[in-house]
Amino acid sequence: MITILIADDNHDIRFALKCILAKNGFEVVEATNGAEAVEIFLKFRPQIVLMDVEMPQMDGIEATRRIMQINPETVIIGITAHTDRKHDLLRAGAKDVLAKPFSGKVLVDLIRKYLSPGGG
Numbered sequence: 014m015i016t017i018l019i020a021d022d023n024h025d026i027r028f029a030l031k032c033i034l035a036k037n038g039f040e041v042v043e044a045t046n047g048a049e050a051v052e053i054f055l056k057f058r059p060q061i062v063l064m065d066v067e068m069p070q071m072d073g074i075e076a077t078r079r080i081m082q083i084n085p086e087t088v089i090i091g092i093t094a095h096t097d098r099k100h101d102l103l104r105a106g107a108k109d110v111l112a113k114p115f116s117g118k119v120l121v122d123l124i125r126k127y128l129s130p131g132g133g
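Each residue of the sequence shown is one higher than the one before, starting from 14 at the first, in the working numbering.
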C-alpha cells in the first residue's frame, strides 16, 4: 500500500485530506509541524509527502530540505495558501505545489501522476 504523509498544522485540512486519500486507497500518516514531519518520515518512509509551508517549530521549506537530504527520491508536493512561497518550496526539493484550496480530484490525479512509471 502507498503511504502518504500529510504535514499541516491545521487539523481540519489534515482531516479532509486524510478522508480523500483513504477513500482512494492510500495509507495516511500525519504531522502537525515540520519537525514532526521529518520524524514521521524517518519512521514510516512514505512515498509521497504533502507539505504545508507555514507551520510551527519548523516550516515546510526547512522540513522539505531535511527530507530531501534523507531521501532525494521522495515526492514532496507543497500545499499552501502562500503562493508567494511556491519557489522556495520548489528550491527546497518539492516536485510540485498546489495552491489551497484545491479539489480532491486534482490532488489524487497529481499523486497518481507521480506514482506512475516515469511519472513526474
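Heads up, the beta-carbon is just placed ideally off N, CA and C, and yes, glycines get one too. Note that the coordinates shown come from a computational prediction; the quantities given were computed from them, not determined experimentally.
Within the same chain, Cβ atoms closer than 7 Å to the Cβ of Val66 are found at Asp72, Gly73, Ile74, Gly91, Thr93, His95, Arg98 and Leu102, the five residues on either side in sequence being excluded. Ala76 has its alpha-carbon roughly 6 Å from the corresponding atom of Val51. Taking the Cα positions, Phe28 is about 30 Å away from Gly131.
Collapsing the DSSP output to three states places Ala20 in a strand.
Of the candidates Ala44, Asn23 and Val110, Ala44 places its Cα closest to the Cα of Ile17.
One thing to note: Met81 has its Cβ within 8 Å of the Cβ of Gly106. For a cut-off of 8 Å, the C-beta gap from Asp25 to Asn46 is around 16 Å, too long to register as a contact. Bridge partners of Met64 according to DSSP: Ala20 and Gly91. With a threshold of 16 other beta carbon atoms within 10 Å, Pro59 meets it and is buried.
A Cβ-Cβ distance of about 7 Å is found for the pair Glu40 and Ile15, placing them in contact under the 8 Å criterion.
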